[in-house]
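The numbering of the first sequence is the numbering used here, which starts it at 11 and goes up by one.
For reference, the structure is listed below as structure tokens.
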Amino acid sequence: MDEKYFPEAIEEKWQALWNRTDAFAVSEGDPRPSFYALEMLPYPSGYLHMGHVRNYSIGDALAWYKRLRGYRVLHPIGWDSFGQPAEQAAIKRGVNPRAWTEENIVHMRGQLKRLGLSYDWSREIAAHRPDYYKWDQWFFLKMLERGLAYKRVSPVNWCPKESTVLSNEQSSGGVCWRCNTPVEKRDLEQWFARITDYADQLVADMQEIEAGWPEKVLKRQRDWVGRSEGAYIDFAVKGSDERIRVFTTRIDTIYGATALVLAVEHPVINELLKDSPLMNDIQKFAARVKTERARQVEPGAEEHKEGMNTGLLAINPFSGESIPIWVANYVLMDYGTGAVMSVPAHDQRDFEFAQKYSLPVRQVIAPVSHSQEPAEPLSTHGTDQSGEMHQAFADYGVLINSGEWGGKLSAVALREMSKRAEEEGFGGPAVTYRLRDWGISRQRFWGAPIPIVYCKDCGAVPVPYEQLPVMLPETAEFTGTGESPLASVSEFVHTACPKCAGPATRDTDTMDTFVDSSWYFFRYCDPRNDEAPFATEIVSQWTPVDQYIGGDSHAVMHLIYTRFWTKFMRDLGLVSFNEPVKRLLTQGMVTNRVEGTEEWKAMSKSLGNGVDPDEMIASYGADATRLFILFAAPVENELRWSESGIEGAVRFLRKVYTMVWRWQPRLLNEKAVPIDGEELTAPLRQLRRKTHQTIARVTNDFEELHLNTSVAALMELFNELASVDVVPESAQPGEVFAVREALESLVLMLTPLAPHVAEEMWEALGHEGGLAKTGEWPSFNAELARKEELEIPLQVNGKLRSRLIVAPDVDEETLREAALADEKVRAFTEGREIVKVIVVPRRLVNVVVR
RNA sequence: GCCGGAGUGGCGAAAUUGGUAUACGCACCAGACUCAAAAUCUGGCGAGCGCAAGCUCAUGUCGGUUCGAGUCCGACCUCCGGCACCA
Numbered sequence: 011m012d013e014k015y016f017p018e019a020i021e022e023k024w025q026a027l028w029n030r031t032d033a034f035a036v037s038e039g040d041p042r043p044s045f046y047a048l049e050m051l052p053y054p055s056g057y058l059h060m061g062h063v064r065n066y067s068i069g070d071a072l073a074w075y076k077r078l079r080g081y082r083v084l085h086p087i088g089w090d091s092f093g094q095p096a097e098q099a100a101i102k103r104g105v106n107p108r109a110w111t112e113e114n115i116v117h118m119r120g121q122l123k124r125l126g127l128s129y130d131w132s133r134e135i136a137a138h139r140p141d142y143y144k145w146d147q148w149f150f151l152k153m154l155e156r157g158l159a160y161k162r163v164s165p166v167n168w169c170p171k172e173s174t175v176l177s178n179e180q181s182s183g184g185v186c187w188r189c190n191t192p193v194e195k196r197d198l199e200q201w202f203a204r205i206t207d208y209a210d211q212l213v214a215d216m217q218e219i220e221a222g223w224p225e226k227v228l229k230r231q232r233d234w235v236g237r238s239e240g241a242y243i244d245f246a247v248k249g250s251d252e253r254i255r256v257f258t259t260r261i262d263t264i265y266g267a268t269a270l271v272l273a274v275e276h277p278v279i280n281e282l283l284k285d286s287p288l289m290n291d292i293q294k295f296a297a298r299v300k301t302e303r304a305r306q307v308e309p310g311a312e313e314h315k316e317g318m319n320t321g322l323l324a325i326n327p328f329s330g331e332s333i334p335i336w337v338a339n340y341v342l343m344d345y346g347t348g349a350v351m352s353v354p355a356h357d358q359r360d361f362e363f364a365q366k367y368s369l370p371v372r373q374v375i376a377p378v379s380h381s382q383e384p385a386e387p388l389s390t391h392g393t394d395q396s397g398e399m400h401q402a403f404a405d406y407g408v409l410i411n412s413g414e415w416g417g418k419l420s421a422v423a424l425r426e427m428s429k430r431a432e433e434e435g436f437g438g439p440a441v442t443y444r445l446r447d448w449g450i451s452r453q454r455f456w457g458a459p460i461p462i463v464y465c466k467d468c469g470a471v472p473v474p475y476e477q478l479p480v481m482l483p484e485t486a487e488f489t490g491t492g493e494s495p496l497a498s499v500s501e502f503v504h505t506a507c508p509k510c511a512g513p514a515t516r517d518t519d520t521m522d523t524f525v526d527s528s529w530y531f532f533r534y535c536d537p538r539n540d541e542a543p544f545a546t547e548i549v550s551q552w553t554p555v556d557q558y559i560g561g562d563s564h565a566v567m568h569l570i571y572t573r574f575w576t577k578f579m580r581d582l583g584l585v586s587f588n589e590p591v592k593r594l595l596t597q598g599m600v601t602n603r604v605e606g607t608e609e610w611k612a613m614s615k616s617l618g619n620g621v622d623p624d625e626m627i628a629s630y631g632a633d634a635t636r637l638f639i640l641f642a643a644p645v646e647n648e649l650r651w652s653e654s655g656i657e658g659a660v661r662f663l664r665k666v667y668t669m670v671w672r673w674q675p676r677l678l679n680e681k682a683v684p685i686d687g688e689e690l691t692a693p694l695r696q697l698r699r700k701t702h703q704t705i706a707r708v709t710n711d712f713e714e715l716h717l718n719t720s721v722a723a724l725m726e727l728f729n730e731l732a733s734v735d736v737v738p739e740s741a742q743p744g745e746v747f748a749v750r751e752a753l754e755s756l757v758l759m760l761t762p763l764a765p766h767v768a769e770e771m772w773e774a775l776g777h778e779g780g781l782a783k784t785g786e787w788p789s790f791n792a793e794l795a796r797k798e799e800l801e802i803p804l805q806v807n808g809k810l811r812s813r814l815i816v817a818p819d820v821d822e823e824t825l826r827e828a829a830l831a832d833e834k835v836r837a838f839t840e841g842r843e844i845v846k847v848i849v850v851p852r853r854l855v856n857v858v859v860r
């Protein structure tokens with residue numbers, strides 16, 4: 011051990027040792043209880059950023075903590091190495107995506123190692139390697155077998171900047187998840203994964219993970235799935251055998267329906283109007299609506315409602331009334347049934363539409379007063395003084411103008427009217443979802459090829475399992491036109507039909523990279539398996555993941571796909587649980603001021619506000635960088651980067667290091683002799699107390715991942731230690747004992763936060779074998795942690811007036827008497843009536859006077 | 001518009017869940033060491049009044065519950081996120 015703290019030398023030394031000894035490798039044979047600590051795997055963009063550093067520092071602290079607590083900890087890392095940036099680099103700079111990716115991985119692996127993260131590197135995986143994407147293809151074929159993968163033409167989200175298709179999740183908010191470009195709609199034939207089959211489970215199974223997942227993530231997923239209970243109702247079309255089914259959540263308002271409105275794509279239009287003179291106009295209208303939808307629309311842009319009367323009439327099955335059938339732009343084909351009953355009085359959209367086209371507005375729900383007063387007049391709920399409605403009344407209430415249903419409450423009518431529809435055979439209760447199927451085809455080179463072959467005789471033929479993987483060619487022509495570059499690689503495209511051996515062509519699309527990341531953490535458990543994606547008996551020893559850590563930007567992308575994928579794998583018999591992740595932590599962003607503005611934004615190259623982790627490591631060391639990033643804010647908060655704070659972390663480590671150095675000769679030369687507490691002076695008894703209190707506090711903080719307060723607690727312990735007036739040269743044996751206990755506990759608890767310097771100090775204190783293999787988390791003695799005396803605040807009328815030092819076991823009555831006898835208290839109670847005295851044992855006394 | 005989350009010193013933040021508000025750190029101020037500076041160490045650091053002991057006021061605002069509220073309840077203000085014609 012050097013006299014001075016040189017992080018560079020210490021970190022190099024221990025990283026080399028960890029590497030050489032595979033210090034963090036784990037195996038299934040290990041009899042200790044298992045713990046799976048997982049962080050979201052990085053995309054190999056080329057450079058680690060501070061967001062990664064934060065993510066991995068949190069995960070590493072947890073992994074170390076659990077390891078020291080006696081768990082066999084699976085803590086793996088890999089690369090989400092398929093995806094857009096590699097291909098953009100190919101288009102822009104003509105580089106080979108594979109070479110580019112591999113180089114980036116080499117560089118970033120070096121950065122991770124310089125941070126000293128405790129990964130089991132033998133399990134490293136990369137999505138772009140054939141031994142990985144083979145299993146993406148395998149899963150695709152399994153989905154196909156089970157009817158969970160299918161192909162269809164549909165309007166898809168298209169990012170014009172990246173020339174690529176996006177899933178609904180990737181274009182949430184109407185913009186591309188990568189580049190924020192507003193998305194367009196395009197008709198394209200592509201493969202879908204039937205995530206909607208699992209919509210119900212994605213909501214219902216949330217109760218299994220409620221305790222461990224942040225509510226905001228669950229809420230976003232719940233909203234995204236958009237489960238909605240209501241009813242189907244079939245409206246007969248007058249003069250035809252056709253019936254048009256609508257979905258409504260407000261069947262109680264059906265007597266107020268004054269039109270039936272169809273989406274422009276609704277198939278019944280062609281059926282019913284093929285001979286109508288209006289058909290031409292309606293087709294033109296439909297085409298215009300579609301173009302408008304395809305146009306880039308800024309989110310929040312004003313929507314205008316437009317429609318056309320078809321001249322047809324529909325019959326309301328409840329009232330028997332005939333109402334006009336319209337087509338309109340505000341009805342969407344891909345939600346519900348693509349047809350709605352329009353109830354202007356009780357739905358704002360219908361109201362606006364009715365206003366524009368002068369459709370009748372008929373009120374059928376009256377507000378219910380909560381008092382005994384008669385129902386409130388509607389004027390407070392949507393009409394002005396003239397009785398004219400100016401907005402819809404969308405609340406529940408009591409039915410009026412609704413035939414035999416009049417007088418019933420909405421809640422009752424909703425139930426009974428659905429039931430009636432079912433009995434009469436024109437509908438019934440129904441549940442719909444906002445969630446749509448997951449479009450997984452991408453017109454991209456740098457992804458897992460979709461294992462399908464098209465034969466003019468046999469149609470779309472799945473590639474047989476034994477022919478997997480369908481290998482990605484070395485390279486292709488990157489034009490950036492939007493067509494898959496694979497289509498230009500003729501030796502890839504042309505193949506033999508697996509069924510008839512005739513000439514055939516391959517599907518030239520690749521899979522969304524979110525397929526790769528949906529199951530990668532199962533592969534870590536069994537990373538070299540070439541028979542299957544993983545062996546169930548191995549995976550079951552580690553999964554579900556105990557703690558997953560990553561940003562919340564994936565709340566409705568990765569985190570919903572991986573839940574779906576797990577359920578699919580469960581149905582395949584590969585795993586035996588519903589949910590892949592027990593506890594999820596969404597850590598806050600690391601932001602930095604954008605040059606020349608007041609804005610704090612996530613660090614990024616394009617904004618020029620990035621901070622290079624390598625520079626931080628070079629200036630302050632990996633330990634200080636990690637310690638600072640964990641100390642600066644609670645893990646889930648945004649962390650506004652400031653370089654000045656990191657100096658504090660270095661100072662702290664240096665002080666601890668120097669203290670170890672000063673005590674080292676004395677501690678090495680003397681055996682640890684347990685001593686009786688009575689032999690110690692008060693300050694040293696206080697030091698032991700602080701040591702044990704700190705162990706209790708820090709242990710609890712680690713369990714809750716309150717890492718910032720655990721650092722604060724360690725600093726307090728150090729301050730206590732530094733304030734003890736004992737020098738190594740002249741310390742008595744009892745004093746050496748108390749100092750040793752404090753110092754060793756401090757070093758052990760510092761290990762997850764600053765592992766290199768902790769190892770160095772541990773070794774200096776005479777321990778062999780290294781913390782990585784032999785370290786044990788300190789345990790605390792509640793007896794020693796208990797205070798010898800308590801400071802009891804004394805209040806008069808709830809205001810602090812004095813303090814009292816008492817023994818911890820003092821009884822209530824003594825406390826009460828002592829409080830009342832206190833001079834300062836008496837100054838406030840003198841001459842006043844004491845109404846009562848509140849005594850909270852060990853806490854406080856409050857004297858209430860009048 | 002709808003749905004979430006959050007407002008505590010100059011700053012990042014603590015507060016055992018209703019019991020001494022501001023722990024820990026950063027920044028700042030003063031002192032020691034130094035020819036000097038850096039580093040380091042010591043002390044100070046919510047606001048107001050006071051020579052002082054101390055008093056008063058402070059956790060976005062206003063009310064409420066309670067012996068006691070940063071914490072619970074009600075209304076409002078501000079900021080940040082999410083969704084956006086979903087029937």
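Idealized CB from N, CA, C, for every residue including glycine.
All values derive from a computational prediction rather than experimental measurement.
Give me the Cα-Cα distance between residue i and residue j, rounded to the nearest whole angstrom.
i       : j       : result
Gln-121 : Leu-58  : 7 angstroms
Gly-69  : Leu-48  : 7 angstroms
Pro-788 : Gln-703 : 12 angstroms
Gly-417 : Pro-377 : 11 angstroms
Lys-23  : His-777 : 16 angstroms
Val-734 : Phe-747 : 13 angstroms
Val-555 : Pro-590 : 6 angstroms
Ile-844 : Arg-796 : 33 angstroms
Secondary structure at residue i, three-state DSSP: helix, strand or coil?
i       : result
Phe-328 : coil
Asn-319 : strand
Lys-834 : helix
Ser-797 : Per the sequence shown, the amino acid found at residue 797 is Lys instead of Ser. Coil.
Asn-167 : strand
Trp-24  : helix
Thr-515 : strand
Gly-157 : coil
Trp-575 : helix
Can you check which of these residues, the options, is closest to residue i by C-alpha distance?
i       : options                            : result
Val-566 : Phe-92, Leu-283, Val-227, Pro-554  : Val-227
Thr-258 : Ala-612, Lys-248, His-356          : His-356
Lys-592 : Met-481, Phe-45, Ile-279           : Phe-45
Arg-695 : Ser-755, Met-599, Ala-782, Glu-798 : Glu-798
Glu-179 : Ser-812, Leu-569, Lys-509          : Leu-569
Ala-159 : Val-63, Ala-203, Lys-284           : Ala-203
Val-235 : Lys-809, Ala-214, Pro-224, Met-50  : Ala-214
Thr-191 : Thr-174, Trp-201, Asp-207          : Thr-174
Thr-719 : Glu-730, Ile-705, Leu-731          : Ile-705
Tell me which residue opens and which closes the alpha helix (DSSP H) that residue i is part of.
i       : result
Val-235 : 225-235
Asp-6   : No statement about residue 6 is possible, as the shown extent of the chain runs from 11 to 860 and does not include it.
Thr-546 : 546-549
Leu-663 : 653-679
Tyr-630 : 623-630
Ends of the beta strand (DSSP E) at residue i?
i       : result
Ser-238 : 238-247
Ile-460 : First-last for Ile-460: undefined, no H or E at that position.
Item to check | At least 3 beta-carbon pairs within less than 8 angstroms: the stretch 109-116 vs the stretch 495-512 | outcome: no
Next on the checklist: Count Cβ pairs between the stretch 573-590 and the stretch 614-634 that sit closer than 8 angstroms; are there 3 or more?
Outcome noted: no
Next on the checklist: Measuring CB atoms only, is the stretch 738-745 touching the stretch 832-845, in the sense that at least three cross pairs come out at less than 8 angstroms?
Outcome noted: no
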